[in-house]
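Data first, discussion second: the structure below is written as structure tokens.
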Ligand code: UD1
Ligand code: MG
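Residue numbers (the numbering used here): 7 to 459.
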């Protein structure tokens, strides 16, 4: 196999984003645009990925995660040809160089694979557009062979009628690319070194020129401003929603769903409107997610029901659980099967075993809770003394009366009952009733004060 080198252009400023952040670090579906491109590039298993950066300086390399890309600085930025030229010292001697763009985030692997079929040709990714304004046009001869690419600003009125545009993405034999880039000049309307000029050079040299089209038009959409970013975000979310529908997921409205990561669904999953899924979320068979839930990095087992307005973050939830509405389940929490977590209950870093319930207004932090435990309304684990955190253990079949404070470290014995309103500071015996409560008194003859005239 010929060596594959991928050069990603990401040096542009993105003036029209009106942002202090470099354009390629703005997000689509919760991920930096450049990261999308790097991830797709990586999926082709290239020998090298070279990112050409400039504006934003080191913030660009620093923002990327899990990659093996090399970064090359382009300073100043003198055009797309000049940008690729900066990567030349990094390229392998032979093989194919594929050029991608950090602000064209949704290019897909299948499309790129089509560009790599002919190791000896220059292969262009082109697209017919109803409105080609602003793009470089693909100029062909009578036989339909590509002869050049002409930029809008350099094009004649007749050339401006051409609807086949240059997406910018192309693949070429590396050995030719080296020579072509060295011969570029900036004699044009924008005084830039155009990458597109290599096409005319290839023609002159008799190198074969192929063209391919993307599977979807949205793959080649570039982002220059917030409006285009928002449009592409919607297009992509609609595409992700369509894929879920295709698999049999029920979506109350495919236009009101946001996936910022990976959502894996089993059979007969139902998702109501306004839900946001972040990171990796797995919903097993028959899971129902009510309206306006935000779920991040979670594994939710079969038959569980998440009622509206809950927030779930880095959590494992078992089979047949009832969650929400208005539940907040924080990182490090593991709920076993048939657990019920109701409204205004916050749980952090806790394990709750089968069949236990906390249905109203509680804070449960750093707790280990057994099976069939009932936690009354308003119960709080006092897990933090201002410096250290301590664990609360509640054994199987315990019943915690409403408005109890459990001051950790503390253990509630198996089958114990805690009287409502207690402040528990010491371990409580199994099977017994424990309560700490000031005695109730009534003052006979007491008269309520009245306003002085
Ligand atoms: C380029 C193409 C045009 C094509 C269009 C598709 C050229 C000369 N023209 O035009 O045919 O239709 O893309 O969107 O290639 N960049 C750098 N360094 C530079 C200049 C650009 O890294 O010095 C990067 C930019 O960040 C951007 C990309 O290259 O991601 C394209 O640059 P841009 O200036 O937008 O080129 P266009 O004029 O749009
Ligand atoms: Mg552009």
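We put the beta carbon where it would ideally sit given N, CA and C, even for glycine.
Taking the alpha carbon of residue i as the reference point, which residue from the options has its own alpha carbon closest?
i	options	result
residue 279	296, 269, 13	296
residue 223	433, 411, 238, 128	238
residue 247	220, 281, 218, 216	281
residue 404	336, 39, 435	435
residue 34	244, 419, 82	244
residue 277	391, 12, 44, 251	251
residue 90	328, 16, 422, 75	16
residue 366	343, 396, 410	410
residue 76	30, 13, 61	13
residue 354	364, 369, 345	369
residue 270	293, 123, 111	293
residue 45	113, 258, 101, 92	113
residue 374	39, 36, 358	358
residue 346	382, 171, 180, 456	382
residue 102	267, 183, 242, 273	183
residue 98	455, 179, 394	179
residue 218	439, 131, 60	131
residue 146	288, 289, 171, 126	171
residue 235	450, 356, 24, 32	32
residue 192	249, 83, 96	83
residue 186	88, 253, 449, 268	88
residue 95	27, 26, 181, 86	181
residue 416	431, 337, 262	431
residue 60	305, 85, 18	18
residue 413	396, 421, 423, 422	396
residue 62	92, 74, 25, 71	25
If you follow the beta strand (DSSP E) that residue i is part of, which residue opens it and which one closes it?
i	result
residue 305	300–306
residue 351	346–354
residue 206	Per DSSP, residue 206 belongs to no beta strand (DSSP E); it is in the alpha helix (DSSP H), 204–211.
residue 369	363–371
residue 146	143–146
residue 286	281–289
residue 399	398–400
residue 112	From DSSP, residue 112 is part of no beta strand (DSSP E); its letter is neither H nor E.
residue 268	263–271
residue 274	Element bounds for residue 274: n/a, residue is neither H nor E.
residue 388	386–388
residue 411	411–413
residue 199	It is not in any beta strand (DSSP E) - residue 199 carries neither H nor E in the DSSP assignment.
residue 332	From DSSP, residue 332 is part of no beta strand (DSSP E); its letter is neither H nor E.
residue 97	Element bounds for residue 97: n/a, residue is neither H nor E.
Determine, using beta carbons only, whether residue i and residue j come nearer to each other than 7 Å.
i	j	result
residue 307	residue 319	no
residue 425	residue 407	yes
residue 230	residue 22	yes
residue 215	residue 208	yes
residue 322	residue 340	yes
residue 385	residue 398	no
residue 316	residue 291	no
residue 285	residue 312	no
residue 401	residue 419	yes
residue 255	residue 275	yes
residue 53	residue 121	no
residue 159	residue 195	yes
residue 41	residue 58	no
residue 78	residue 56	yes
residue 356	residue 379	no
residue 389	residue 371	yes
residue 213	residue 128	yes
residue 8	residue 125	yes
residue 36	residue 266	yes
residue 423	residue 439	yes
residue 288	residue 305	yes
residue 2	residue 228	One cannot answer for residue 2 here, as it falls past the ends of the chain, which runs 7 to 459.
How is the alpha helix (DSSP H) around residue i delimited, first residue to last?
i	result
residue 159	Per DSSP, residue 159 belongs to no alpha helix (DSSP H) and is neither H nor E.
residue 251	232–253
residue 90	86–93
residue 116	115–121
residue 21	Counting along the chain, residue 21 falls outside any alpha helix (DSSP H), and DSSP gives it neither H nor E.
residue 40	39–48
residue 216	Looking at the DSSP string, residue 216 is not in any alpha helix (DSSP H); the run it does join, the beta strand (DSSP E), is 215–218.
residue 69	65–69
residue 181	180–188
Is the beta carbon of residue i within less than 6 Å of some heavy atom of the ligand COA?
i	result
residue 189	Here the bound small molecules are the ligand UD1 and the ligand MG; the ligand COA is not part of this structure.
TODO: Decide yes or no for the touch test of the segment 111–122 against the segment 172–181: beta carbon pairs closer than 8 Å, at least 3 of them.
DONE: yes
Open item on the list: Count Cβ pairs between the segment 51–69 and the segment 133–146 that sit closer than 8 Å; are there 3 or more?
Closed with: no
Open item on the list: Below 8 Å, how does it come out for the segment 139–157 and the segment 193–207: are there three or more Cβ pairs, yes or no?
Closed with: yes
Open item on the list: Could you check whether the segment 161–168 touches the segment 49–60, counting it as contact only if at least three pairs of C-beta atoms, one from each stretch, sit closer than 8 Å?
Closed with: no
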